[in-house]
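Position 6, counted from 1, in the sequence shown is what the numbering used here calls 8; the numbers after and before it change by one each time, with no gaps.
Please read the structure below before turning to the comments.
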Amino acid sequence: MNALRSSLTATALAVVTLTCTLVSAGTIWDGGGTNDKWTTGANWSGTKFLQVAPPNNGTANIHMAGTTRRTPMLNVP
3 MNALRSSLTA TALAVVTLTC TLVSAGTIWD GGGTNDKWTT GANWSGTKFL QVAPPNNGTA
63 NIHMAGTTRR TPMLNVP
């Protein structure tokens with residue numbers, strides 16, 4: 003039973019680590035979301051179900067691309 007528990011724990015940790023590695027902030031605004039909000043992940047490039055907005059703290063090196071929603075609404079501090 004302990005071997006099974008250890009195996010399941012190791013598998014779960016591997017999945018969490020892989021998922022956290024894949025989720026990263028987008029840097030290319032493509033306006034793919036349904037609104038103009040900075041925090042809408044779909045407005046940023048990347049795998050559709052893993053998109054997140056970059057931080058709005060002056061450290062993100064972003065690029066405005068695409069032809070839609072070219073004026074993002076900064077709905078974060």
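All residues carry an ideal CB built from backbone N, CA and C; glycine is no exception.
C-alpha gap between residue i and residue j, whole angstroms
i          : j          : result
residue 5  : residue 64 : 47 Å
residue 40 : residue 68 : 15 Å
residue 61 : residue 11 : 36 Å
residue 76 : residue 13 : 39 Å
residue 9  : residue 52 : 27 Å
residue 54 : residue 31 : 11 Å
residue 79 : residue 43 : 17 Å
residue 33 : residue 66 : 9 Å
Cβ distance (whole Å) where residue i is taken to contact residue j below 8 Å
i          : j          : result
residue 56 : residue 73 : About 17 Å; that fails the 8 Å criterion.
residue 71 : residue 45 : 6 Å
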